[in-house]
Every structure is written in structure tokens, then in C-alpha cells.
Amino acid sequence: MRIHVLPLLAIALLSPIPAGAEERKTVPTTPLTLDENGLPIVSVTLHSLRTWNATRTFRFLLDTGSGACAVDSTVPSEFFWDEPDIDTTLVDSANQSMGARSVILKRVEVGKVMRDGIMAVRMDLRAQVGRFQDEPLDGILGMSFLRGTRFLLDPKAGRLVWWENHVSSDGRLPITEGPDGPLIRLRFGGQETSVLVDTGASGGIQLPNSLLPKGEGRAVASVGLSGVEQAGSEVMVDRIGAGSSAWTNLPVEFQGTGATGGIGARVWLAAPVCFDFITNHVSFTLDAAGNLPIRRERNRNLPIVWDRKGGTQRLVVLKVKPGSAMEKAGCQIGDELIQVGDLQGANLTRRAVQDRVATGARHVWVVRRNGQDVKLQFGPS
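With full-length UniProt numbering, letter number 12 in the sequence shown gets 12, and the count goes up by one each step, no holes.
Encoded structure:
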């Protein structure tokens, strides 16, 4: 998830954190879970300003694509100082500007890794990215915390291992510091481009639209933190090179005007990978063919979101993609989901609906449209 912080906060976020700031007599680990969008979630402990040794644990998105940490507007003020002298403007992946408050988190603890005085932004995450989550995020663990650390992300074991070096150097690639976060250099179609290392994005590899091969790809759209869509095209490509390795035979999304491209969770969660923000490298586990890894299962995310206005929550249709099973069933934008198969009430969640649709079995959706309940015969694409 791309959060570009302009202008003054970005300068503060580029301040290096001493690599030796942690005591490393033991190797700390942090449990890692995936939300219904396939994004990595970690528990983060914040320390109170008011009460000595008082702490509280929150759910944060692990997001190397965010230049700053972020906390939701519901996080109590006892965990941070306001920073009124720093003007903050956020720019999301759809190039939309959003206002936010600058704060300094007193102490941030992840596993046994601690950082003091972490710059962050405070914003309404629940009304933005939280619409796509059954359990909305409390915050984002971005580069203002992660810079100066090294950790192994092991998706199969469901954990982060701090300060751990990856065992293999075959898939080791250099990274550089960009305005949004760390960048990797890729080769495609005889050209090179730098793309964002973005664990907070649910997709695979995205490239700038300027590199789109001749001919039209499949129309796709991504949604930025602001909720604004950015149109793009998806094309199957034979090879994308990086260092001495490559990804082969994979779908690539070419983003709209102004986008720089990125590498999302479908790559970072395919196999163990080491993020080294001390020496500025990432180290991949190569697949059986010696290629860089990517998860190849079908994207199961559905364009349904939570509307939590007015103290209640409703699951509604955000978009109907042309040619999709939702379009064939007769779904319309704004339809409220009442029942999907036997799912209703508290059991009707984004994760449960996506799991049901992923089975491929035919079933009935009941939606509320203009005050009337409508039955839709739903089946696989």
C-alpha cells in the first residue's frame, strides 16, 4: 500500500535508525497472519505516555510500500505526541492527495523489537482500507519503523524472524531508497525501471503503463487508499528480469498515467524472503526451476466492501466487473448482501463470501436493492 508523505515528514522519515539499536542475544520472532485480501498482518504493541509501563496491542499491516507508519483515528492519544509543526499530505497509489495529522509514537514494539519516537500519520484507516476488511486495521507498520532492520518473512511458518539472514544468496537483489519506500530494478522489453517493494499491496508485479506491449491487455483497476480507482491493463508476459534471476510466464499489471509500478504480496508471500534494510538487499527463495517466486493461484478478492456508516455495518457491492460472474448473476453497484448460500447475519463476511465463491459451486445470493430483496443465481466465471 503506497503512502507517499509530502513534504517535510518525508525528510524526517529518511533519517537512519542505528542498526545496532537492538539487543540481539536471542532471535525475536513475530507471528504473521493473512487477512481476507492476502495481506500480512502483525501485532504491534504501543506504549502509553500517561501510565508507566502501560501498553496496548493493535493490528497493523506490514507495509514496506508505506514511507510512514500510520495509526487509525480510533487509536487513543495516550500513545503519541502531536507534531503540529509538520504539514502532512499523503499521496496514494492513485495519485490522490489526502490530509492527515503528523504524530510521534512514543514506543513501538513488534515481537521484542522496539523503536522509540517513531514518526507516523493519524488518519481514518477504517473508512478507507478498512472497508475491505472484516476486522479493520488499527495501523500500518511502514518504513519509519522498518528502516534499519533486517527480517525473514516466512509465510509458510506464519512468522517474521528479526535480524535473520536468508540462507541463500542466489536470489539476492539490491534495493535503493525511493520517496515512497524501497525500490528494486527490473528489466522488461529491453528497458529497465525501478518499482516499489510493497508488501502492503495485494497484487503481483505492476509496471508503468509506458512499458505496456503493443496490443490491448485485459482491463483491470486498482483502488488507492483514497478509494479512487486507477485503470490499467493486465498482460501475460514471458519474462521479467531482476539481477541474475527472473520471473517467467506471469500476469503483469500495467498501471495508469503517473504510476511507478510495484511488487506486491503475491510475490512476497510466495516463499521465504529476507528484507535487509541495513545493507539494502532482499533475498528470495528461488522456485524449483531456479526462477523468482510468485503465487499463481487465481485472485479470489471480490469487489464487495463494508459500509459502516451510522453505527451499523452492511456488506455492499462496490463494483461489477464486465464479464464477471457477478455481472452474469445480475449484481448491481450498491446492492446490499443479505444472504450468500447459507451465510447470513454474523456469518456473512468478506472472507466467508470469497471462500464460498472460490468453491465454484452454484448458489443463491439475496441482495437488498431499492428496499426490495432480490434473488440472484450465482455461479463460477
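Every residue, glycine too, gets a C-beta built ideally from N, C-alpha and C.
Worksheet item: Is R239 buried or exposed, if buried means 16 or more other CB atoms sit within 10 Å of its CB?
Response: Under this definition R239 is an exposed residue.
Worksheet entry | Check whether L39 and A352 have beta carbons under 8 Å apart | Between L39 and A352, the C-beta spacing is not below 8 Å.
Worksheet item: Exposed or buried, which one is Q128 when buried takes at least 16 other CB atoms within 10 Å?
Response: Within 10 angstroms of the beta-carbon of Q128 lie 16 or more other beta-carbons, which makes it buried.
Fill in: Spatial neighbours of H281 in its chain, beta-carbon cut-off 7 Å, leaving aside the 5 residues before and after
Taken in chain order, the residues that qualify are R172, L173, P174, I175.
Worksheet item: Within this structure, are the beta carbons of G65 and G203 separated by less than 8 Å?
Response: It is not a contact, given that the beta carbons lie outside the stated cut-off.
Practice prompt. Note down the Cα distance separating V197 from R150, rounded to an integer number of angstroms.
Written response: Between V197 and R150, the alpha-carbon positions lie close to 14 Å from each other.
Worksheet item: Cα-Cα, which of D342, I338, A361 is closest to D373?
Response: It is I338 whose Cα lies nearest to the Cα of D373.
Worksheet item: Can you tell me where the beta strand (DSSP E) with V75 in it begins and where it stops?
Response: Element bounds for V75: n/a, residue is neither H nor E.
Worksheet item: Just the Cα atoms here: how many angstroms apart are V367 and Q377?
Response: Going from the Cα of V367 to the Cα of Q377 covers about 11 Å.
Worksheet item: Less than 8 Å separating the beta-carbons of G148 and F277?
Response: Yes.
Item to complete: Write down every uninterrupted run of the alpha helix (DSSP H) in the segment 302–366 whose length is 4 residues or greater and which is fully enclosed by it, in chain order.
Response: Within the segment 302–366, the complete alpha helix (DSSP H) segments of 4 residues or longer fall at 325–329, 350–358, listed in chain order.
Worksheet item: Is the distance from the Cβ of F60 to the Cβ of V44 below 8 Å?
Response: Yes, these two residues count as a Cβ contact at 8 Å.
Discussion item. So, at 6 Å on beta carbons, what are the nonlocal neighbours of L62 in its own chain, with the 5 sequence-adjacent residues on each side left out?
Written reply: If we look at L62 and ignore the five residues flanking it on each side, its Cβ neighbours are P40, V42, L141, T199.
Fill in: CA-to-CA distance, L318 to R115, given in whole angstroms
Distance between the alpha carbons of R115 and L318 is about 38 Å.
Worksheet entry | beta strand (DSSP E) segment containing F132, residue limits | Where F132 is concerned, there is no enclosing beta strand (DSSP E), given that its DSSP letter is neither H nor E.
Practice prompt. Helix, strand or coil for R50, going by three-state DSSP, please let me know.
Written response: In the three-state scheme derived from DSSP, where H, G and I count as helix and E and B as strand, R50 is classed as coil.
Worksheet item: When DSSP labels each residue in this structure, what does N291 get in the three-state scheme?
Response: N291: coil per DSSP, three-state reduction.
Fill in: Three-state class that DSSP yields for S244 in the structure shown
If DSSP states are grouped into helix, strand and coil, S244 belongs with coil.
Worksheet item: Per DSSP, what kind of secondary structure is W268 in: helix, strand or coil?
Response: Reduced to three states, the DSSP call for W268 is helix.
Worksheet item: In chain order, what residues of the same chain lie with their CB nearer than 6 Å to the CB of S245, ignoring the 5 residues before and after it?
Response: Excluding residues within five positions, the ones whose Cβ falls inside 6 Å are G171, L292.
Fill in: Proximity of residue 385 and G158 at Cβ, strictly below 8 Å
Outside the shown range of the chain (1 to 381) lies residue 385, about which nothing can therefore be said.
Item to complete: Grab me the residues of V305's own chain with a C-beta within less than 7 Å of its C-beta, minus the 5 sequence neighbours each way, in chain order.
Response: Once the five neighbours on either side are set aside, the close Cβ partners of V305 are R131, F132, V316, L318.
Practice prompt. Identify the continuous alpha helix (DSSP H) that holds L146 and give its terminal residues.
Written response: Counting along the chain, the alpha helix (DSSP H) containing L146 begins and ends at 143–146.
Worksheet item: Distance, Cα to Cα, A270 vs P251?
Response: If you draw a straight line from the Cα of A270 to the Cα of P251, it is about 15 Å long.
Fill in: Beta-carbon proximity check, L146 vs T29, cutoff 8 Å
Not in contact: L146 and T29 (Cβ atoms no closer than 8 Å).
Worksheet item: If we count the other Cβ atoms within 10 Å of its Cβ and call it buried at 16 or more, is S102 buried or exposed?
Response: With 16 or more other Cβ atoms inside 10 Å of its own Cβ, S102 counts as buried.
Practice prompt. Return the residue from the list E83, R107, V113, I205 that minimises the CA-CA distance to M236.
Written response: Checking every option, the nearest Cα to that of M236 belongs to I205.
Worksheet item: Quick one: what does DSSP say N209 is sitting in, helix, strand or coil?
Response: The answer is helix: DSSP assigns N209 an H, G or I state.
Worksheet item: How should residue 397 be labelled, buried or exposed, when 16 other C-beta atoms within 10 angstroms of its C-beta is the threshold for buried?
Response: Absent from the structure is residue 397, since the part of the chain shown begins at 1 and ends at 381.
Worksheet item: To the nearest angstrom, how far is it from the Cα of L152 to the Cα of N301?
Response: Computed Cα separation, rounded: 26 Å.
Discussion item. Between which residues of its own chain and Q313 is the CB-CB distance below 8 Å, once the five residues before and five after are set aside?
Written reply: The residues W306, D307, in chain order, have a CB closer than 8 Å to that of Q313 in the same chain once the five nearest residues on each side in sequence are set aside.
Worksheet item: Per DSSP, V252 forms a beta bridge with which residues?
Response: Residue pairing for V252: DSSP places it in a beta bridge opposite I205, V235.
Item to complete: Within 10 angstroms of the Cβ of N347, are there 16 or more other Cβ atoms? Answer buried if so, exposed if not.
Response: Sixteen is the threshold: since fewer than 16 other Cβ atoms of the shown chains lie within 10 Å of the Cβ of N347, the residue is exposed.
Worksheet item: If you count every other CB in all the chains shown that lies within 10 Å of the CB of A70, and 16 or more means buried, which is it?
Response: A70 should be labelled buried.
Discussion item. Please list the terminal residues of the continuous beta strand (DSSP E) segment that includes S66.
Written reply: Note, S66: premise wrong, no beta strand (DSSP E); not H, not E.
Worksheet item: If you drop the 5 nearest sequence neighbours on each side, which residues of the same chain put their C-beta closer than 6 Å to that of P155?
Response: Correct list, in chain order: L269.
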